C-alpha cells in the first residue's frame with residue numbers, strides 16, 4: 026500500500042541528512058511501526074509520507090499513486106493524499122465541539138449533512154465517545170482528546186493512517202489500555218497504519234512489523250518476534266528489549282571464542298561480530314545443585330538480587346570479571362554473594378553482525 | 002493628440018489669450034458662467050469659506066465656484082506643482098503667501114493678468130502675476146486680568162523689557178522679526194530678536210492657540226496676528242489687542258494658474274475680492290482684511306503705523322533671513 | 045532534486061500588492077531625498093539634503109532629545125501596558141470586560157487633544173490640577189510642569205498604552221499555564237518566573253510592540269509639539285513638521301524630510317532583522333496547542349484592591365482627566381482653565397453648533413466608512429502576510445515581512461505626497477481627491493502595526509493544528525478559513541478596532557489628501573482647533589470618544605460571547 030524508495034531528507038540549513046536512503050514497503054492492512062531513539066528520523070519519514078515535509082530525494086507512493094518523486098518532479102500536496110494522521114499533541118481544535126472536530130474531514134469533502142452526522146456518530150461510537158458529540162473540545166481530558174483525534178482520522182476512511190507517537194502524552198495505565206484498543210480498531214477497519222514511537226514495548230505489542238531506525242538509517246525490519254528473538258545487529262538487540270552483548274573474537278564452525286569463554290552456537294554463522302542473549306533466557310542455577318542439562322555453562326557469583334514483582338533481576342559476576350543481568354522466576358530463592366552456575370542455551374544465543382555504517 | 006487637433010487647440014488658445022485681454026468684465030462674466038466651476042485653493046476653514054462663497058454667489062449667481070481648503074502655503078504650493086506636473090492644470094485661483102506665489106511664478110505656473118482690465122487697483126498688485134487679497138498683521142495681545150491698562154506696551158522697545166520675561170508668547174517662527182528687517186535693517190532686527198529670546202517667550206505652533214493661551218491667562222502678552230486674536234476676543238475672553246509702533250505683516254496674495262479651466266471666472270473672482278464689497282465680505286468671514294483698502298477693519302486698525310514687509314521679489318532673501326531667525330528663536334529651549 | 049523553495053501564488057500576490065502599496069511611496073521617498081528641489085519629478089540630482097540634514101550639528105541634538113523621549117515612552121508603555129495586559133488576561137481581576145473597554149478607549153482621542161487636556165491640567169502657571177494641589181497643600185507654585193521632557197513622556201506613554209495592551213493581551217491570553225506550572229513546581233519564584241518564563245515566551249510580542257513603539261516615539265508629533273515646543277524642546281518630528289509647513293522658500297522641504305526618513309528606514313530594517321532572528325526558532329514561542337488548556341488564572345487575593353486601583357488609576361489619567369478637561373472646554377466659550385468664575389459662562393453652544401453643521405455630518409459618515417473599510421482590508425492583508433511569513437515555505441517571505449513593516453518609517457506627510465503623485469499620474473484610477481485615496485493611505489500606514497500584531501499571534505498557534513487540517517483533506521485556503529482565522533479572531537478583532545480608532549483620529553495624511561468632499565472628522569476637528577475654535581474642537585472630541593465607547597463596548601460584548609473563550 027505504501028512504498029518508500031531511497032528516501033533522503035536534509036532540512037534546509039542542516040549539516041547532515043535526517044533521513045538517509047530509507048526504503049520500505051508496507052502492505053495493505055499492515056501495522057508497521059517506525060521505532061527508534063529520538064532524532065533517528067522516524068518522525069521525519071512519517072511526515073514525508075504525509076507530505077508535511079518535502080524529501081530531498083527518493084520516491085513515495087500510496088496505493089497506485091506516486092505522491093512524491095524527485096525524478097518525476099512530483100509532489101502531491103498533503104490535502105490530496107489518501108492519508109489521515111494522528112498527532113502527538115492530538116491537535117484538537119479548541120474552538121470547535123467534538124462533533125465539529127470529527128466532521129471536519131467530511132466538511133472539506135462537502136459531505137451532505139445527514140451522511141456526515143451518521144458517520145461521525147458511527148466513528149465516535151467506535152472510540153466510545155458517542156455521548157460527547159456536542160461537548161466543547163476544551164472540556165475534554167487527555168485520553169478523551171486522543172480518542173477524538175483517532176475518530177477524526179478514521180471518519181474519512183482513507184487507505185492509510187499515520188500516527189506520530191499518539192500515546193506518549195498519556196499516563197501509563199491509560200496508555201496500556203489505549204494501545205490494544207487502538208490496534209483492535211485499526212484492524213477492524215482494515216486501515217494500513219504507520220506508527221511512530223520510541224517505546225519498544227508498545228512497538229512489540231502493536232505491530233505486524235517493526236522498522237528499526239537509528240541516525241537516519243534503517244537498521245532492521247521484521248516482525249516483533251523476529252526482531253526480539255533474532256535480531257541481527259547490536260543496536261537491534263539492545264534497543265528492542267535488553268540484551269547482554271558478548272563480543273566474539275574468533276569463529277570456528279558453530280563454536281565461538283568469546284570474552285567469557287568458548288560458546289556453542291545453534292548453528293554455523295559466518296561474519297559474526299558478537300552474540301547476544303536476553304536476560305530472561307539466561308539460566309541461573311545455584312552452584313551446589315546438580316547441573317541441569319545444557320552446554321555453555323559458566324561459573325560466577327551473584328552481586329545483586331532485586332525483586333520486581335513479576336520476576337527477579339539478578340546481576341551475576343562471572344569468573345572473567347564480566348557482569349551480566351539475568352532475569353529469573355519470582356519464586357526462586359537467591360541471596361547476594363551466592364555462588365551460581367550460569368547457562369547460556371545455544372538456541373538462545375543470537376548472532377549479531379556488524380552494524381551498518383551510519 | 003494628432004497634428005491637426007494640436008494645431009487647432011493652440012490656435013484657439015492663442016485666440017483666447019489675446020481675446021481675454023480685451024474682454025470687459027461683463028464679457029468675462031458670461032464666459033465664466035459657461036465654463037466649469039471656478040476652483041479656489043485657499044487656507045480658510047470651510048465654514049468661513051462658505052460665507053465668502055455665499056457672498057460671491059449672491060453677486061454672480063450663475064458662476065459656479067468651489068473652494069478647496071489647503072492648510073499652509075507650503076502644502077498649497079506643493080499641491081499645485083504636483084498637479085501641474087502630473088496633469089497639466091491645478092486650481093484656477095491660488096491664494097497664499099508671497100513666497101509661495103513667487104515660487105510658482107518662478108516655475109512658470111502663473112498667468113499674467115491685465116489688472117486694469119478687471120479693475121484691480123495698481124497699488125494692490127505689485128506685478129502682473131499676483132494681487133493682494135488680505136494680510137496677516139502682527140499685533141500685541143494681552144490678558145486684561147493679568148496686565149493693567151497702564152502697563153500695556155505700545156512699542157517694540159517696551160515689549161522687549163525684561164519685566165516680561167516668561168510672560169510672553171510667540172509664534173514658533175520668527176517671521177515678525179524677519180519682516181521688521183525690511184524697514185529697520187537686518188542688524189537692528191537681529192538684535193531685537195536676541196533680546197526677545199532673552200525674555201524666554203513661550204512658543205506656539207500657530208498663532209491661534211497663542212491667542213487662546215493669552216485669553217486663558219497661560220501667558221500675559223502675545224505677539225500674534227489680528228485675525229487669530231479675534232476668536233477669543235469675540236467669544237468674551239479677557240483679552241485685548243492693538244498694533245505696536247511698527248507693524249510687520251504678511252500680505253496674502255491671489256494668483257491665477259496657467260491653463261486654468263475657468264480663467265474668466267478666476268478673473269471675476271479676483272476682481273470681486275479686490276473690490277470693497279468682496280474685500281469686506283472676505284474680512285467678515287475670515288477676519289483677515291486687505292490693508293490696502295481703507296474701509297476694511299484691518300486697514301483702520303493699523304492706520305498711522307509704520308508697516309514693515311519685504312516685497313514679493315525679495316522672497317529669496319526673506320527666506321534665508323527666516324531660516325536664520327527661526328534657528329535663533331529655537332534656542333529658547335537651550336536657555337532653560 | 046526538487047527545488048525546495050518556489051514562489052507560491054499567495055506570495056506572488058502579496059509581493060505585488062506590497063510593492064504597489066509600499067515600495068512606490070518608498071521609492072518616491074528615496075528619489076526625493078536626492079532631488080535638489082525635493083520633488084521627485086523635478087530635474088537634477090544631488091546630495092544637498094543629506095548634507096543639510098546630517099551636516100547640521102543641531103540635528104544631532106534633536107536626535108538625542110528624541111532618543112530619550114522615544115526610549116522613555118517605549119519603556120513606559122511596555123511596562124504599563126504589560127502590567128495591565130497581565131492583570132486582565134492572567135489574573136482573576138474582577139470586571140474584566142469593563143477593564144478591557146477602559147484600556148482601549150484612549151485610542152480614539154487625537155493625541156493633540158490629549159496633550160491639550162493635560163496642558164490645561166498641569167501647566168505650571170494656571171493648570172487646574174496645579175491649582176488644586178496649591179490649595180490642598182498650601183504651595184506657592186504649582187508642583188507639576190507638563191511642559192517638560194517628563195511631561196511629554198508621561199502623556200505619550202498614556203497615548204501608546206492601548207497599542208501595547210492589544211499586542212500583549214493576546215499574547216498573554218494564549219499562554220499555556222503548563223509552562224508556568226512547570227516553573228513553579230521547580231521552585232521558581234515570581235522574579236525568576238518573569239525573567240525566565242514570561243519574558244522569553246512573550247519575546248516576540250514584546251519585540252513587536254517595542255519596535256513599533258520606538259519608531260512611533262521617534263516620529264510622533266502631536267504630544268511633543270504641544271508640550272515641548274512651547275518651551276523650546278524640539279524633537280525630530282518637530283523638524284519634519286517644520287520642514288513640511290513652516291520652511292520658507294515656498295514649498296515643503298520634502299527633500300530634507302526624505303533624507304531624515306532614510307535614517308528611520310535603516311533603523312527599521314535593523315529592528316525587523318532583529319525580530320526575525322529572535323523568532324526564527326518559532327517553535328519556542330508556540331503556546332496555543334491542540335491540547336485544549338484552560339488558561340489558569342492567578343488569584344490576586346489580598347492585592348485585588350491594589351490591582352483594581354491600578355487599572356482605575358490608568359483610566360483616570362488616560363481617559364477621565366483629559367476627557368473631563370475636554371468636556372469642560374467644550375462647554376466654555378473660549379479657552380480657560382477650570383475655575384469657579386467660569387462656571388456661569390458655561391454654554392451648550394459649541395455642541396449645538398456641531399449638530400447644525402452639515403459638513404460635520406458628511407465628515408462623520410466619511411470617517412466611519414473609511415475607518416471600517418481600511419480596518420477590514422488591512423487586517424485581512426495582515427493575516428495573509430503573517431501566514432505567508434510564518435507558515436508557507438515559498439520564496440520571498442522575508443521580503444514580504446520587511447515590506448509590510450516598512451511604512452512605519454515613512455512620515456505621514458510623505459505617504460500623502462507619494463499617493464498624490466501616483467494617483468495624479470494614474471488618472472484612470474479615479475481616486476485622487478476622493479475618500480478612496482484615504483483608504484489606500486491608511487491601509488499602507490497601518491499595515492506596519494497590524495502585521496506585527498498578526499505575526500505575534502500566529503507565532504503562538506501550534507502548527508500541528510493546521511497540519512491536522514491538511515491531513516484531514518483541507519486545502520490551505522480552507523484551513524485558514526476554518527482553523528487559523530477563528531483562532532486568531534480575538535487578536536484580529538483587536539487590531540481592527542485599533543485601526544478604526546486611529547483612522548478616526550488621524551490628521552496629517554487626511555489634511556494633505558484633502559479634496560473636495562473627503563473631509564474626515566479629524567480634519568474638521570483640527571480645522572476648529574487651528575482656526576481659533578478650540579472649544580468646538582473639544583466638543584467634537586467628546587462625541588468622538590462617546591462614539592468610540594459604543595464601538596468598543598460592542599466589541600467587548602461580542603468577544604465575550606465567543607464559545608471558545610475560556611471563561612471558566
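Chains as they are written, first to last, in the working numbering: chain V, 26 to 383; chain R, 2 to 337; chain C, 45 to 612. For each residue, glycine too, the CB sits at the ideal point set by N, CA and C. Keep in mind the model is a prediction, meaning the values are calculated, not measured.
Drop a sphere of 10 angstroms on the beta-carbon of residue 296/V, count the other beta-carbons inside from all chains shown, and report buried for 16 or more, exposed for fewer. When all chains shown are included, residue 296/V counts as exposed.
Identify, in the order they occur along the chain, each residue of the same chain with its Cβ nearer than 6 Å to the Cβ of residue 128/C, setting aside the five sequence neighbours on each side. 147, 209
Pick from 482/C, 419/C, 583/C: whose alpha carbon is nearest that of residue 540/C? 419/C
According to the Cβ coordinates, are residue 277/V and residue 185/V closer than 8 Å? no
Using a Cβ-Cβ cutoff of 7 Å, what residues of the segment 268-301 of chain C are near chain R? List them in chain order. Cβ contacts with chain R: 269, 273, 274, 275, 276, 277, 278, 288, 289, 290, 291, 292, 293, 294, 295, 296.
Quick one, are the C-beta atoms of residue 204/R and residue 171/R less than 8 Å apart? yes
Under 8 Å, Cβ to Cβ, is there at least one residue of chain V near residue 531/C? With a threshold of 8 Å between beta carbons, residue 531/C makes contact with chain V.
Residue 22/R by DSSP, collapsed to three states: which one? Annotation note: pLDDT 45 at residue 22/R (below 50); position unreliable, coordinate value reported separately. Three-state DSSP puts residue 22/R in a helix.
Any beta-carbon of chain C closer than 8 Å to the one on residue 204/R? Closer than 8 Å: yes.
Between the segment 88-107 of chain V and chain C, which residues of the former have a C-beta closer than 7 Å to a C-beta of the latter? 95, 98, 100, 103, 104
What did DSSP end up calling residue 165/V once you bin it into helix, strand or coil? coil
Grab the span of the beta strand (DSSP E) containing residue 220/V for me, first residue to last. Its beta strand (DSSP E) spans residues 217-222.
Closer than 6 Å by C-beta to residue 551/C: which residues in its own chain qualify, once you throw out the five before and the five after it? Chain order, please. Its chain contains 566, 570 as the residues whose beta carbon lies nearer than 6 Å to that of residue 551/C, once the 5 sequence neighbours on both sides are disregarded; these appear in chain order.
Take the Cβ of residue 271/C as the centre, count every other Cβ of all protein chains shown within 10 Å, and call the residue buried at 16 or more, exposed below. buried
Roughly how many angstroms separate the alpha carbons of residue 63/R and residue 276/R, rounded to a whole number? 19 Å
Taking Cβ positions, are residue 267/V and residue 326/V nearer each other than 8 Å? No. Outside cutoff.
Determine the burial state of residue 124/R: buried for a count of at least 16 other Cβ atoms within 10 Å of its Cβ, exposed for fewer. Under this definition residue 124/R is an exposed residue.
What's the call for residue 210/R, buried or exposed, on a 16-neighbour Cβ count within 10 Å? buried
Can you list, in chain order, the residues of its chain whose CB lies under 7 Å from that of residue 599/C, leaving out five sequence neighbours each side? Contacts found: 537, 541.
Quick one: which chain R residues come within Cβ less than 7 Å of residue 469/C? Neighbours of residue 469/C on chain R, chain order: 87.
In its own chain, which residues sit with a C-beta less than 6 Å from the C-beta of residue 192/V, not counting the 5 before and 5 after it? 200, 203
Partner residues on chain V for residue 370/C, Cβ-Cβ distance less than 7 Å: Residues of chain V passing the Cβ test: none, with the nearest at roughly 40 Å.
For residue 267/C, the three-state DSSP class (helix, strand or coil): Residue state, collapsed to three classes: helix.
Looking at residue 254/R and residue 50/R, is the spacing between their C-beta atoms short of 8 Å? no
What number of angstroms, rounded off, separates the C-alpha of residue 127/R from the C-alpha of residue 250/R? 16 Å
Between residue 94/R and residue 39/R, which are expected to be in contact by the criterion C-beta below 8 Å, what is the C-beta distance as a whole number of angstroms? 7 Å
Is it a yes or a no for the segment 107-115 of chain C touching the segment 183-196 of chain C, going by three-plus beta-carbon pairs under 8 Å? yes
Spatial distance of residue 232/V from residue 522/C (CA atoms): 35 Å
Could you name the residues that DSSP lists as bridge partners for residue 27/V? Beta-bridge annotation (DSSP): residue 27/V is paired with 51/V, 87/V.
State the start and end residues of the unbroken beta strand (DSSP E) segment that holds residue 118/V. Residue 118/V -> no beta strand (DSSP E), and no H or E assigned at all.
Grab me the residues of residue 211/V's own chain with a C-beta within less than 7 Å of its C-beta, minus the 5 sequence neighbours each way, in chain order. 56, 186, 218
Looking only at C-alpha atoms, which of 591/C, 214/C, 577/C, 498/C sits nearest to residue 144/C? 214/C
Could you name the residues of chain V that residue 509/C contacts, counting a contact when the two beta carbons are closer than 7 Å? The contacting residues are 116, 118.
Would you mind telling me which residues of chain R sit closer than 9 Å to residue 464/C, beta carbon to beta carbon, in chain order? 79, 80, 83, 84, 87
Under a three-way DSSP split, which group does residue 336/C fall into? With a pLDDT of 48 at residue 336/C, under the threshold of 50, the predicted position of this residue should be treated as unreliable, though the coordinate-derived value follows. DSSP places residue 336/C in coil when its eight states are reduced to three.
State buried or exposed for residue 317/C, treating a residue as buried only when at least 16 other CB atoms are found within 10 Å of its CB. With fewer than 16 Cβ atoms within 10 Å of its Cβ, residue 317/C is classed as exposed.
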